[in-house]
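Line order of the protein sequences matches chains A and B.
Numbering of the first sequence is given in full-length UniProt numbering, commencing with residue 1 and proceeding in unit increments.
Numbering of the second sequence is given in full-length UniProt numbering, commencing with residue 1 and proceeding in unit increments.
Don't be surprised by glycine CBs; every beta carbon is placed ideally from N, CA and C.
Here the structure comes first, spelled out in structure tokens, and everything after it is commentary.
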Amino acid sequence: MAKSNRLSKWLISGPPLLYLIIFFAIPSLIMAFAAFRFPGDYGGLLPLIAPNPETGASELLVNRENWRDYLTFENFGRFFDDSIYLELFIKSFWYAGITTLVCLVMAYPLAWLIARSPKKYRDLMILLVILPFWSNFLIRVYAWMIILGPQGYFTMAINQVLGLIGIGPIQLMFSHFAVIIVLVYVHLPFMVLPLYANLEKHDMALLDAAQDLGASGWQRFWKVTWPLSLPGVWAGAALVFIPALGMFAVPDLIGGTDGIMIGNLIKQQFLDSRDWPFGSVLSIMLTLAVLGLAGLAALIGRGGKRNAL
Amino acid sequence: MHSKQSKWLWAAALFVYAFLYLPLIIVVVYSFNDSKLNAEWVGFTFKWYEILFNDAQMLTAARNTLLIGLVTSICATVLGTLAGLAMHKYKLRLLPLLVLTPIAIPEILMGVSLLIFFVMLNMTLGLVSVTLAHIAFCIGFVAIVVRSRLQGMDESLVEAARDLGATPVQAFRLVTMPLIMPGIIAGALMAFTLSIDDFVITFFTAGAGASTLPLQIYSMIRIAVTPEVNAISTLLMILTLCLILLASKLAPSALRAE
Numbered sequence: 001m002a003k004s005n006r007l008s009k010w011l012i013s014g015p016p017l018l019y020l021i022i023f024f025a026i027p028s029l030i031m032a033f034a035a036f037r038f039p040g041d042y043g044g045l046l047p048l049i050a051p052n053p054e055t056g057a058s059e060l061l062v063n064r065e066n067w068r069d070y071l072t073f074e075n076f077g078r079f080f081d082d083s084i085y086l087e088l089f090i091k092s093f094w095y096a097g098i099t100t101l102v103c104l105v106m107a108y109p110l111a112w113l114i115a116r117s118p119k120k121y122r123d124l125m126i127l128l129v130i131l132p133f134w135s136n137f138l139i140r141v142y143a144w145m146i147i148l149g150p151q152g153y154f155t156m157a158i159n160q161v162l163g164l165i166g167i168g169p170i171q172l173m174f175s176h177f178a179v180i181i182v183l184v185y186v187h188l189p190f191m192v193l194p195l196y197a198n199l200e201k202h203d204m205a206l207l208d209a210a211q212d213l214g215a216s217g218w219q220r221f222w223k224v225t226w227p228l229s230l231p232g233v234w235a236g237a238a239l240v241f242i243p244a245l246g247m248f249a250v251p252d253l254i255g256g257t258d259g260i261m262i263g264n265l266i267k268q269q270f271l272d273s274r275d276w277p278f279g280s281v282l283s284i285m286l287t288l289a290v291l292g293l294a295g296l297a298a299l300i301g302r303g304g305k306r307n308a309l
Numbered sequence: 001m002h003s004k005q006s007k008w009l010w011a012a013a014l015f016v017y018a019f020l021y022l023p024l025i026i027v028v029v030y031s032f033n034d035s036k037l038n039a040e041w042v043g044f045t046f047k048w049y050e051i052l053f054n055d056a057q058m059l060t061a062a063r064n065t066l067l068i069g070l071v072t073s074i075c076a077t078v079l080g081t082l083a084g085l086a087m088h089k090y091k092l093r094l095l096p097l098l099v100l101t102p103i104a105i106p107e108i109l110m111g112v113s114l115l116i117f118f119v120m121l122n123m124t125l126g127l128v129s130v131t132l133a134h135i136a137f138c139i140g141f142v143a144i145v146v147r148s149r150l151q152g153m154d155e156s157l158v159e160a161a162r163d164l165g166a167t168p169v170q171a172f173r174l175v176t177m178p179l180i181m182p183g184i185i186a187g188a189l190m191a192f193t194l195s196i197d198d199f200v201i202t203f204f205t206a207g208a209g210a211s212t213l214p215l216q217i218y219s220m221i222r223i224a225v226t227p228e229v230n231a232i233s234t235l236l237m238i239l240t241l242c243l244i245l246l247a248s249k250l251a252p253s254a255l256r257a258e
């Protein structure tokens, strides 16, 4: 019995496990290893295996004596030597942070309203939030290219208003404002869903009790609803912040040269400069940043829960 | 007091809904505009759709997209269902980690690591590499949907079947399978949608070998904003909308698992 149980456990979990080891774990490990390698003459990576010119058999080039010729910490040094890379990381964190904040401010009232609506409307209201998010990500970015473009009605209207108070026409495309607004647009549902899931479970009697004890509207929000909703806030923040941090298409299409983020630099290293070791260093730094943030969020989330109780 | 507060809430909510929908409505409306520029409304036309259906590159991209999506959804559904079952049934450490991390990390990381991996294996980048990559990131989404369906299932039904003499395989085939079927189908539709919509991972794993609709749209809008993009966008939106509404009918919890 126990034996057949173990067999069925492997039969069920084996295939997906094997697939994800081959196509997720191993590629990730190779990328981590690539960060310690030198770039090849034509980009990519310096080969570790090459055919021996005499015998023609494949041979491992690296050994105990010469490993320094094949493995290096130089790529990491390069990251810290030039401040532009760290500055770009900080700028990307800034973009992602503002995006998260704006998403939170926009999503909270909506999530609250949906959670307080009659049950029969809730599913529809949530579906209406999710639907636009299921249309292709590029289409949603493209829609804003139309709106923010110089000939768009929105830009023309804004410039007409600005013209009245004597400020010359401004360009909306390729500005920080444009990048943020599109980042908010593509990530907003990620904030609404966890907030709604959390707010829906609140016990309304707590608010009534607070009111009976004389709390004003704001007090009831700050002392009751907000602390209780913190787990939802943290979940939403993580779901918005992390993908926003690694974004490259939005800055590429909307940001111009001024609005680039970490993702653009990674893409550039892999595809344009073909400096894979340095691209891998940047990817590892991004991974570490994400892991660090996730750990931090889990820690604060736990603390928040304790405070709320 | 109460009504004043809810009026303010409704205004905020309507603003967000407008923010979500207006840009997409603009794309649909402009796809029927008889002007080369996405600016002034000139008149109604179907010509962008006609141009689209005569664009050989676009048709190849559409065929690639559907082919990749189909193979991806079949393979990811089988593997994801197994993963969901395993995660529900057994206490595992490695599998949940490998299933959930691809969903949690920025997509670009998976894209570049698979690029290195495929090139090191001397694989030609194209339809096959894209499909292998898509399966890898779709498994997790299918697994989550299937697992949530299993969590909502009444375990005693399986026990009853076993008491009545069914073998574990029979109990699974005759009781568990039919009960979680809506979840499996929803997972398959979700994998299909994720695959036909994916841009980032496709971008890194496609090489010059296989263009898909998102890649085609990307290269078009990088150069200039054209009404042809409005038309293809509108068609893609309609396709996705149908798939998602179908999925949400089959498993209402499927969408929220995201």
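Residue i to residue j, Cα distance in whole Å?
i                      : j                      : result
residue 210 of chain B : residue 22 of chain A  : 22 angstroms
residue 144 of chain B : residue 12 of chain A  : 15 angstroms
residue 76 of chain A  : residue 262 of chain A : 16 angstroms
residue 69 of chain A  : residue 89 of chain A  : 30 angstroms
residue 294 of chain A : residue 54 of chain B  : 48 angstroms
residue 52 of chain B  : residue 144 of chain A : 22 angstroms
residue 173 of chain B : residue 155 of chain B : 15 angstroms
residue 165 of chain A : residue 250 of chain A : 32 angstroms
residue 82 of chain B  : residue 16 of chain A  : 7 angstroms
residue 96 of chain B  : residue 59 of chain A  : 38 angstroms
residue 134 of chain A : residue 72 of chain A  : 44 angstroms
residue 9 of chain A   : residue 78 of chain B  : 16 angstroms
Counting contacts by CB-CB distance shorter than 9 angstroms, is residue i in contact with chain A?
i                      : result
residue 192 of chain B : no
residue 102 of chain B : yes
residue 48 of chain B  : no
residue 55 of chain B  : no
residue 182 of chain B : no
residue 40 of chain B  : yes
residue 176 of chain B : no
Beta-carbon separation of residue i and residue j under 9 angstroms?
i                      : j                      : result
residue 217 of chain B : residue 131 of chain B : no
residue 113 of chain A : residue 160 of chain B : no
residue 282 of chain A : residue 95 of chain A  : no
residue 258 of chain A : residue 202 of chain A : no
residue 193 of chain A : residue 20 of chain B  : no
residue 76 of chain B  : residue 188 of chain B : yes
residue 10 of chain B  : residue 31 of chain B  : no
residue 195 of chain A : residue 111 of chain A : yes
residue 199 of chain B : residue 291 of chain A : no
residue 109 of chain B : residue 100 of chain A : no
With 9 angstroms set as the bound, which would you pick, yes or no: does the beta-carbon of residue i sit closer than that to a beta-carbon of chain B?
i                      : result
residue 247 of chain A : yes
residue 151 of chain A : yes
residue 9 of chain A   : yes
residue 178 of chain A : no
residue 212 of chain A : no
residue 44 of chain A  : yes
residue 136 of chain A : yes
residue 146 of chain A : yes
residue 240 of chain A : no
residue 286 of chain A : yes
residue 273 of chain A : no
Which residue from the options puts its Cα closest to that of residue i?
i                      : options                    : result
residue 81 of chain A  : A/297, A/244, A/278        : A/278
residue 187 of chain A : A/26, A/97, A/292, A/55    : A/97
residue 6 of chain B   : A/200, A/54, A/217         : A/217
residue 119 of chain B : A/300, A/31, A/20          : A/31
residue 289 of chain A : A/238, A/252, A/174, A/225 : A/238
residue 42 of chain B  : B/232, B/17, B/123, B/227  : B/227
residue 221 of chain A : A/7, A/265, A/146, A/108   : A/108
residue 66 of chain B  : B/23, B/249, B/27, B/240   : B/240
residue 241 of chain A : B/97, B/88, B/177, B/104   : B/104
residue 304 of chain B : B/136, B/110, B/73, B/212  : In the structure as shown, chain B starts at 1 and stops at 258, and residue 304 of chain B therefore has no counterpart that could be examined.
residue 214 of chain B : A/213, A/190, A/142        : A/142
residue 234 of chain B : B/27, B/99, B/40, B/16     : B/27
residue 113 of chain B : A/153, A/99, A/276, A/115  : A/276
residue 201 of chain B : B/142, B/126, B/88         : B/126
residue 235 of chain A : A/298, A/154, A/65         : A/298
residue 93 of chain A  : A/273, A/49, A/247, A/256  : A/247
residue 98 of chain B  : B/147, B/133, B/139        : B/139
Tell me whether residue i, by its Cβ, gets closer than 8 angstroms to a heavy atom of the ligand ZN.
i                      : result
residue 163 of chain B : In the structure on display, the ligand ZN does not appear, and there are no ligands present to speak of.
* **Uninterrupted alpha helix (DSSP H) stretches inside the segment 110-138 of chain A (no shorter than 4 residues)** => Whole alpha helix (DSSP H) segments, 4+ residues: 119-134.
* Whole runs of the beta strand (DSSP E) within the segment 237-279 of chain A, excluding any shorter than 3 residues -> For the beta strand (DSSP E) assignment, the segment 237-279 of chain A encloses no uninterrupted run of at least 3 residues.
* To do: Could you pull out every unbroken alpha helix (DSSP H) segment of at least 4 residues lying fully inside the segment 96-151 of chain B, listed in chain order?
  => Taking only runs of at least 4 residues, the alpha helix (DSSP H) segments lying wholly in the segment 96-151 of chain B are 107-120, 127-151.
* 4-residue-minimum alpha helix (DSSP H) runs that sit fully inside the segment 13-85 of chain A, ordered along the chain -> Note on the segment 13-85 of chain A: whole alpha helix (DSSP H) runs with a minimum of 4 residues are 26-34, 74-81, in chain order.
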